[in-house]
Every structure is written in C-alpha cells, then in structure tokens.
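Structure, as structure tokens:
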Amino acid sequence: MSTTITLASEPVKLTRNALTAERPTWCPGCGDYSVLASFYKVLEKRQLPHENIVTLAGIGCSSRFPYFVNTHGAHFIHGRSVPLATGVSLARPDLHVFVFGGDGDGFSIGGNHLEHGARKNINLTYVIMDNSVYGMTKKQTSPTSPIGFKTKTDPTGAMDRPVNPIKKLISAGATFIARTHASQVAHMTQMIERAMDHEGFSVLHVLSDCTEFFPEAFDSANPRKGGEFKTIEEKKWDETPEDALRHDITDEVAAYKLADRPFPGLFGVYFQVNRSTKNDLEDMWIDSVRGKMADHSDLEILQQTFHRMK
Amino acid sequence: MTTLQITSPSVQTSPAAGRADLRPQNIRDAVIRLAGDSQDGIQSIGGFLARLAGRSAQDVMTYMTIPATISGGASIFQVRIGSGEVLSAGDEADFLVAFYQHSYDNHIGSLKEGGVLLYDSDHVQPDMDDKRFVYVGIAITSLTIEALGGTAKTKGKNIFVLGLLAAIFDFDVEKLKTLIRERFGKKNAALADTALIAFQSGYAYPVENVLANRYHFEPTTDQNKLAQITMDGNQALAFGLIAAGVRYGAAYPITPWTSVMETLRAELPKYGGIFVQTEDELAAVSMAIGFSYSGNLAVTGSSGPGISLKTEAIGWASMAEIPLIIVNVQRGGPSTGLPTNVEQSDLCQAIFGGHGDSPRVVLAASTVEDCFYVALEAARIARKYSTPVFILSDSSLSTRIEAFDEPDLKGLIQDPKPDLSPRPAGFKPYPLDKITQHAPPGSPMIDGKYPVLTGLEHDETGHPTGSATLHANMTVKRRKKLQQLAAELPLPEVYGDAEGDTLLVGWGSTYGPIREAVNRVRQEGKKLSAIHLRNLHPLPNGLDTIFARFRRIIVAELNDQGLYGFGQLATILRARYCEPKIQSLTKTNGLSFLVKEIIEGISK
C-alpha cells in the first residue's frame, strides 16, 4: 500500500555532525579527545535512536563529556554518577545509558558506588578515563597515581598503594570489564562497542594521559612513545593446542591473575559473564506481583489496600 | 498544675472487690497506657485497640516509645480512644497496665488520680498505701501459661490483656476476634487459634471480683460516620506518595524513617514501580534524582543524620531544577542524638541546608491523616515548580496510629507517566521568563539540540556560563518561582477566637496538643487562638494580617530557643515580619508537648 504522506519525524541518520555539541574544553593533546572520537564512531556505526541516548557524568576533566556530546545528558556532582545513572537505567529500559568519568570520580570519591553498581549489575556502560592524576585541580595525587609520583599533595612522591581498577571491578562483581589506551582508537572503539552490547554493568577502563600534569604516565603502553601495546588473546574454543594458552574471559580467577601483571599490563576484555541484571530482577518481581493483581488499575489496588486498613 | 481536666471515666478511688453493681458507666474518652518490654507485643494490643476504634467510627490516637536497642528494653504504648474528636494521646492515663515492676515504678506517675492500675501480680508489687489509685492485680503471666499450655511460655499475655480490656471496656468482642483472625490467621491458622484462646481466657476472667465498674463508650455523635482507615504516620506518608503517582524512590535505612521505605519497597511493584535500598544516603538521593530526571517524580527520605549526607545532591536538584521529594522523619539531634525521640529541630536544615542559595520548598505534616495529604501536595508542587520539596514529619507521627476518614482516592490519584512528547525547536530547559519544565531523555528534540542538565551555573539552554549577570538572573529565576508559589498558598485558618490576646503558632506534630490547649482555655471562658503552618517555606503571604489581630504571638515548637531566645520557626517569622511581639515556647526533652505545658507556657 502506498501513501503520499511522509512522516515529519522520519528517523534522521545520526551523523558525527549531529552528535557534536560544544567544543571540548580539554587541553590540546588530552587523551580524552580520542575517547570522544571513538564514542562518536560507535554511535554513528550503531545508529541508535538519537533521543534514547543518555550521557551522564560526575565531576572532573573527563566528566565534562556530556557537554561535548549532543544527546540528552546530565553533569552531576562529584562521584555520584553511577547512582544517578542507576535511577535512569532502572526506570527507563528504552534508554541507552552511558556514564563517563575519571579515576578520582570512579575510584576515590565514588568508589563505593562503583562497587554497588557492579554488585547490582545495573544495565549501563561506564567509561572511566584514568589519567592517574587530579588534573582539573592542577596536580594532586589520584587513587591510581603510582608510588613515588610527585604531586602538590605528595611533594616527596605518592606513598599510598594505588588502586588496581581491574581487580577492584572483578571483586565488586562487574559483568563486563575491559581495558584500553586512548592512543589506540581502533581498539578503544571496538571495546566501547562490546561494552555497549553487554547486558549488565559494563566498564571500560581507558588509560588517557593528562598532557599537562602527567604526560608520560602511559608511554610504556604507547608504541609511538617507544612502548608496547599488548592485547589479551581471548580463547577461541577451537580445541587447538595454542588455545589452551589463551584467556577464558568467563574465568574470574584467570582475569584476576591477568590484572596482576606489572604495569602497563594487558589490554582487551578481562572478564565477561552473563548474570541477571537488577533491571531484570526488579522487572520479574513487578511481573509476578502484577500477575496476582489480575489487571487491576492503580486506583483499584490502592482502594483494596485501604479497605484492609479499615 | 492543670486548671482543667479532660473528660475521663469516673472511677472509685478504693479497691472494690466483691462489689455487685456492675452497671456500665458511659464514658466518652479513655487514655490507656500499656507499659512492658518491647518484646511483649504491647504495640500489638495498642494496634488492635486502634483498629477496633477505627472500625467503630471512634476517634483514636496512639503514642508509642520503643527503646533504641534491638531487642528488649522498656517500651510503652498509649492509646486514647474517644467518642468525640481526639487531638492528642493524652497528658495522663486513666488506665495503666503494668507488666513488670519497672513498668509500675516508671509509669505510676503518669496515672491520673482516681485512675486504674491493672498489674500483673506475678511480677508487680504496687504500693497499696498510695490511696490515689484503684488497684487491680491479676496473675497475667501464670493465667496465660495456664490457658495456652506449657510450650507457649509467656507469649500471648498481650492478647490475654486485650481480652481483659475487652471485658472492662465492653468492647465489641466479635470485631476484635475478627481483627485477631485477620492479623494472625494469614500466615498460620494454628497461631490464630492460640491467640483466640488467650483472648477468650482474658475476656472470661471474672474481672468483676477485682474491679467494681465496667465502662462503655458512648456512641459517636455522628451515626452516619463510615468505618475509618487506621494506620500510622509513616504508612500514611507512603500511601500518600503512591496516590500522588510517585512510583520510584531510593533510600538507606535509619530510624524513624525506615518504615516508609519498607512500605514503598513492598508496595511499589504492585504499581509497576521500584524502590531501591542503596549503599548509602549519597547514592539514595542521587538515584532518586536519576529517577526524577528520567521523567518519574521520585522520593528519597531519611532522618537527620542521613539528610545531612544528602544535602550536596539536593543543592544540585535546586540548581538543575529537578522535581524531587525528600522526606525527613525528624528525631532528636544533632548527630546520632536521640534516635527514638521526637524533636522539630531540622526546620532550618530543611530550609537552608546546603551551600549557596538553593531554594527549595518545605512542608510539614501535622497529623497522621495529614501525612497522606501532605505527600500529594508535595508532589503537586514538585511537578508544577520543578523543584525539590521537603516533607517534614517526626518520630511521634511515624509510629502513631490514628483513625481517619477514607480519602477520596478516585478524586486524588495521580497518573505518573513521563512526558516524552517531541519538544519544539528552540526548547529551553532554563527559560528566564518561565518555570522550568524539563524534557526527559527519550523526548525527541525537533531542532536536534539536546539538553544537558547541570549543577554549573548555566544559560537558558543549559550551557555552563561564568557570566556574572546570568548568575544573578538565574538566581532570581530560581527564587521567583517559589515567590510565585507563595502567592497561591492559602492562609491558615485561625482556630479559636478570631482576635484577642494570644495567638499560638505551631507546625508539625504539635497540632493536637496546641488545639487541645485552645479548647481547654476557651472552656474556661478565656480567649485563645492558634494557627498551624503547613507551608513553612515559602510561607503563605499575608500572615501579618493575622498577627495584627493579636497582642502577642507565641510560636510553640520542639527545638531549642537558640542563642537569641527563639526557636527555629520563631526566628524565621521574626526575620520575615520584623515583628517584636513574636515570642517563643520551646521544649527539648525528647517528648512532645503536654497540653498543660502549653497552657502553662502561655500563662507566663
């Protein structure tokens, strides 16, 4: 059947141009630019409905992200982006929820929320841009600063053992954990896409250097700076002898051991399992409770409850 | 010393064993205080009596204290049942039921002269030389064990006492038995049978051998009154939120807030909603903001210490102009303070708590019934003005059981669906000349420009700005919408004389004792008036026109008089109206006002 009416709201192709918002306020050369570029690439490739993409963040240089992506978004308070995103994710299964932030936001002030978001397996994708320094406040020690790194709050060098983000995420119960490097755009794009496709709490840890206060932080993994970018070889389950040596991403203990490699370690997917999300578990509860309600309206349910309290 | 006595059963002042005349004495009002330990189930006796009163269309009010310890410890439950309007749980008891010696020792002082002490003679030895009271000793513990058999131990003596009270007060036994079956039969039919045996043996006890009189409540004046709803303040708040269309929320447990979240957690799935118990208070408020941002007005709540933790995020909601309901079931503070006692000392925190100028709305519930309606009003304001709204309740309202008329649910219930309609070109999340109404995620933006909500100062489109002019203009915008709200608020009604010497001003749970104080003083032929403020921030316009009709204004509230001699609301009213005749009556012993304390306070 043909019709002459064209829909005004016919889906418009989501281009990089449509996704571009404000000019980023990051310093020239900041690693976060390539994270933004990778994110655009994934959204262009996947053509999600524009209005259903949500970009959320806390506080920090990298947490400025929502201003630079033209989607629905919120720039929240320091450390609390995961609970904010949890509310959005639980109430609105139609949305694609992306959270962006840094190492201070994710591993320090928001560390407890990271644990509990992972434990509850909230369906969202969290990209943590780790520069191992507090850049926005101009060089203080971060929870991932290496021991000996001199900052304004550790003038003789950082003395506290840094957080190992991958190990923290494994023990917290995140169901997708991957690691990449801001200088490796192709790898990063692939990792963002895999994280996005994962049903559950997916975290991508990105080493994204601060050109201003810690430019050399991740050189050892950057081939252009004389380092080596070593990726994880995932098991192909092809029963070849070499496959026995490859990493089983569903093996929690193997992932933990892999995360223990000396810095800069390996890049790729450390861990991925399917476990019921809180989104699904809450929905199942709602369905079973509402099943017993026999299609009663909200008003009827409330009236019945009040009747019992007479 | 009170100058007036509340209506009470007239009882003999001497033990009356063996008396044969058992003509029921008609009474209009009785205060029964049950004193025992928290594990004895005295709250459930109180609950049964309250529910019975509700079903008999009688007015009822209860008052409960529980120890802060997890199990055990002294506990009381006071229930006041009346055939007319019951405004407070009563200053003194007509009846005291003492389960233990310590219950007797600690509470005999609260028994009215001529009152009846009903005590467990297995545990209590009263001072019979004190001739002010009527002594009724019954071996409650051993009689319960005898009735139920060895394995029951002492469990069930609360229901035995309920049977005794049913005999003494000529309660409707069939209704009580139905309530017992409803309460216990749901889980376990055998348990209901056991409870009914305990009830029956209490009821069959030859109480006439130890108490001359039995009592009978006069029928209520309004014969057409329908059966009433009986619930506590925290339940009323939770169901008010549900009626208001609130379908999402998040919180962390803390006394006395917790039962609101327990109710919402269990009830919301029936309505397709979710309530999340979070890892901490910071996550709770942030998650509630996430729910609200998604287009579903949400609630978080806590008590004092938890509210302190939420303040940073509430500031964000104020700046980003997000609708949000924050419930504070107040307790004694500061810090861990008095977790199970009542205080109204978080008013200034609700109005001003947080850094920067962060306007928000503050409402306070005055009764259990009002807990239901205040939730509806909070949701209406939050949606219309896109703002955080505080609801202040307190520990006395939280556990107090009252009976009230069934609300018109059909007329009140709200539809909670988010508005995801496409937004026209040029949509601004923060228009300077209008009240913000956000486009939740999922709303297509016709011009392709998507909004980012922010805690940074911003322009009309939400872009961060460092412009001093914009900050000044946006500060005005956020303030003005609350001034607009103030203009639509009704003035509180003056209770008592329209003009005169003294106007009492109250807020929150002191509504009942303040009204009763007005009634008593006016019964003496003197003038007294009161207003009760529900809208505490913004205040309704025009309070000064009421104040002008009185020689002095006394603000009665449960907080400290502060460095300058004024409680928290008194301070705000003085700042607002520069009115030197505003005085303060404050109290901080962890208990609510007694009626006589208010009368004494204004007599000074």
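So the sequences go chain by chain: S and Z. Every letter in the first sequence is one number past the one before it in the working numbering, and letter 253, counting from 1, is 867. Every letter in the second sequence is one number past the one before it in the working numbering, and letter 470, counting from 1, is 1490. C-beta atoms are modelled at their ideal positions from N, C-alpha and C, and glycine is treated no differently.
- Counting the other CB atoms within 10 Å of its CB gives His1478(Z) a total of 16 or more, which places it among the buried residues.
- A Cβ of chain S is located within less than 8 Å of the beta carbon of Arg1075(Z).
- In terms of CA proximity to Ala786(S), Gly725(S) leads the group Ser759(S), Thr755(S), Gly725(S), Arg808(S).
- With contacts defined as CB atoms closer than 8 Å, Gly1310(Z) and Leu698(S) qualify as a contacting pair.
- For Leu1473(Z), the chain S residues whose Cβ falls inside 8 Å of its Cβ are Gly687, Ala688, His689, in order along the chain.
- By the C-beta density criterion, Arg1351(Z) is buried, having at least 16 other C-beta atoms within 10 angstroms.
- Phe843(S) sits in coil when the DSSP states are folded into three classes, being neither helix nor strand.
- Of the residues assessed, Ile761(S) falls on the exposed side of the cut-off, its CB having fewer than 16 other CB atoms within 10 angstroms.
- Pairing Val1193(Z) with Tyr1235(Z), the inter-Cα distance amounts to about 14 Å.
- Contacts between Asp1390(Z) and chain S, judged by CB atoms closer than 7 Å, are missing: the closest CB pair is about 16 Å apart.
- DSSP places Glu1577(Z) inside the beta strand (DSSP E), whose first and last residues are 1570-1577.
- Interface with chain S (8 Å Cβ-Cβ cutoff): Asp1300(Z) is included.
- When DSSP reads this structure, Gly1102(Z) sits in a beta bridge with Asp1049(Z), Asp1079(Z).
- Taking a Cβ-Cβ cut-off of 9 Å, the neighbours of Trp899(S) in chain Z comprise Pro1289, Ile1294, given in sequence order.
- With a cutoff of 8 Å on beta-carbon distance, Trp1277(Z) and Ala1384(Z) are scored as not near each other.
- Under the three-state reduction of DSSP, Gly1526(Z) is assigned to strand.
- If you keep only unbroken alpha helix (DSSP H) runs of at least 4 residues inside the stretch 714-754 of chain S, you get 725-734.
- Restricted to the stretch 1111-1172 of chain Z, the alpha helix (DSSP H) segments that are unbroken, complete and at least 4 residues in length are 1121-1127, 1160-1168, listed in chain order.
- At least one CB atom of chain Z sits nearer than 8 Å to the CB of Asn726(S).
- By the CB criterion at 8 Å, Thr1530(Z) and Phe1613(Z) fall inside the cutoff.
- For His921(S), the uninterrupted alpha helix (DSSP H) run begins and ends at 912-922, by DSSP.
- Just measuring C-alpha positions, the residue of Met743(S), Ala788(S), Val668(S), Met907(S) sitting nearest His710(S) is Val668(S).
- Just measuring C-alpha positions, the residue of Asp717(S), Asp719(S), Ile736(S), His689(S) sitting nearest Gly701(S) is Ile736(S).
- Within the stretch 742-758 of chain S, no residue places its CB atom closer than 7 Å to a CB of chain Z.
- The stretch 1403-1418 of chain Z makes contact with the stretch 1343-1358 of chain Z; the number of CB pairs closer than 8 Å reaches 3 or more.
- Annotation: Asp811(S) is outside any beta strand (DSSP E); the continuous alpha helix (DSSP H) that includes it extends over 799-811.
- Within the same chain, Ala1340 come within 6 Å of Leu1473(Z) by CB-CB distance, once the 5 residues on both sides are set aside.
- When Pro1464(Z), Pro1600(Z), Arg1569(Z) are compared, the shortest CA-CA separation from Pro663(S) is found for Pro1464(Z).
- At a cut-off of 3 residues, the continuous stretches assigned as beta strand (DSSP E) that sit fully inside the stretch 642-687 of chain S are 667-671.
- With the criterion set as a beta carbon lying under 9 Å from some beta carbon of chain S, the members of the stretch 1311-1340 of chain Z are Phe1311, Ser1312, Tyr1313, Ser1314, Gly1315, Asn1316, Ala1318, Glu1332, Ala1333, Gly1335, Trp1336, Ala1340, in sequence order.
- When secondary structure is reduced to three states using DSSP, His1491(Z) falls in the helix class.
- One Cα belongs to Leu783(S), the other to Glu729(S), and the distance between them is close to 7 Å.
- Rounded to the nearest angstrom, the gap between the Cα atoms of Lys655(S) and Ser816(S) is 19 Å.
- Assignment of beta-bridge partners to Asp1252(Z) by DSSP yields Ile1421(Z).
- Distance between Ala1576(Z) and Arg1535(Z), taken at the CA atoms: about 12 Å.
- Taking His689(S) as the centre and dropping the five residues before and after it, the same chain places the C-beta of Ala671, Pro680 closer than 6 Å to its C-beta, in chain order.
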